[in-house]
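Below is one structure, written out as structure tokens, with a few remarks after it.
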Amino acid sequence: MTPFVTHSDPFTPFDTAPSKPSVDTGYVARIPHDEILPQVVGDAFRHRVGTKPLDLHRWFVRDPDWEPTIAMKRALIDERRNEVVCHRDDAHEVAQEAGELVLGWLGKSTSNIGIDTLVDAAREVPDDLTVLRSMPSEAGEQLPFVAGVVCSPSRWKLSEKIGHDMLTVHKPVALYAEHIGAAVDTTLTRLSPDKPIWRSNWTLEDHPALFQPYSPDKPLVEHPSELWIRIERETLRRLPRTRGILFTIRGFQEPLSSWVNRGPEAVRTLRELVFRLPDALARYKSVYDYRAATITWLDSLLA
Ligand code: HEM
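In our numbering, the protein residues as written are -7 to 295.
The structure is reproduced here in structure tokens:
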């Protein structure tokens, strides 16, 4: 049994009570980037790679969540390092290049080397940093996931992913292999240092913590208005020296009760996205238990 503590602060881990309730601090969780909000595409559900060119001026984006997310990350790295930092023995060179790229973008540097460079970089940005190593193979190139500093996992454990290829990393994601397994591998092998890309993901969760490495074993809330929408903004860059890949993930959480105030178009979009999810994916996204009630509630708001 995993100890989920009920609270409403995205920056407090899932298993900890907030020291200061966010209502006291005046903080309101609202996803601050409209371009990452989910959209309805086509007429049926399909995973999509959905990458777009990344403007490097906006590689990391300063917004109201920047400081509190970094504070959360620093506390996790200092106090729970073995849960948020993980690497394979052969990861140091590529992790160092990835860390230097991030620090260089910020105009900073470090005297640390290897994985510690990546950790130093992760302390300076709100995004999680994950690194793939490029290794020659008969098929051309293998890109195993070899290092990461991950403080906003959406119900997955970093230590279980290290060392694996993309198909294995995404094994719990229903329909991943069928819809986009090959396309993701091609996207990664074709990625070049001068053409960085980004994409986004969405899901619903019944707990607001950005740091949520586990799934609860039963629903945590009763009414869909108590759910949260979680969106991740992800960027991908090929590293010029080692040819590895740096994949960054920035998580955001917003209460559904606030989301619906974005207006009827946002409500309709969410209703359609939830309605379309195949059952296996609804289960993976923890939407299954809430789906019928969520649709009924969203319909009532549109009536
Ligand atoms: C273009 C590239 C990629 C695409 C299209 C993609 C797609 C996805 C999708 C659709 C999900 C499910 C999210 C949800 O429904 O909530 C997912 C989860 C995930 N992705 Fe990716 N991904 C990509 C690259 C990567 C890379 C490079 C990593 C390496 C670290 C990665 C690690 C993960 C992990 C750890 C999960 C959670 C899996 C779990 O629940 O156990 N992804 N990804």
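Ideal placement from N, C-alpha and C gives every residue a C-beta, glycine not left out.
Values in this document were obtained by computation on a predicted structure and should not be read as measured data.
Can you tell me which of Pro45, Thr17, Phe37 puts its alpha carbon nearest to the alpha carbon of Pro56? Thr17
Which complete alpha helix (DSSP H) runs does the segment 143 to 203 hold, if anything under 4 residues is left out? 150 to 153, 158 to 161, 174 to 182
Cross-strand partners of Trp58 (DSSP beta bridge): None, per the DSSP bridge assignment.
How many angstroms separate the CA atom of Asn347 from the CA atom of Phe239? Nothing in the structure corresponds to residue 347, since the chain is present only between -7 and 295.
Look up Leu124 in the DSSP assignment and say whether it is helix, strand or coil. strand
Answer yes or no: the CB of Phe244 versus the heavy atoms of the ligand HEM, is any distance below 7 Å? no
Identity of the residue in Glu246, Arg263, Ser126 nearest Pro232 by Cα: Ser126
Straight-line Cα distance separating Leu150 from Val161: One C-alpha to the other measures close to 10 Å.
Which ranges does the beta strand (DSSP E) cover as unbroken runs of at least 3 residues, wholly within the segment 39 to 109, from first to last along the chain? Within the segment 39 to 109, the complete beta strand (DSSP E) runs of at least 3 residues are 77 to 79.
What are the start and end residues of the beta strand (DSSP E) that includes Arg301? Examination of residue 301 is not possible in this model, given that the chain is present from -7 through 295 alone.
For the segment 180 to 195 and the segment 214 to 233, state whether three or more C-beta atom pairs, one from each stretch, are separated by less than 8 Å. yes
Express the C-alpha separation of Ala284 and Val53 in angstroms, rounding to a whole number. Here the alpha carbon of Val53 sits roughly 36 Å from the alpha carbon of Ala284.
Any heavy atom of the ligand HEM closer than 7 Å to the beta-carbon of Leu124? yes
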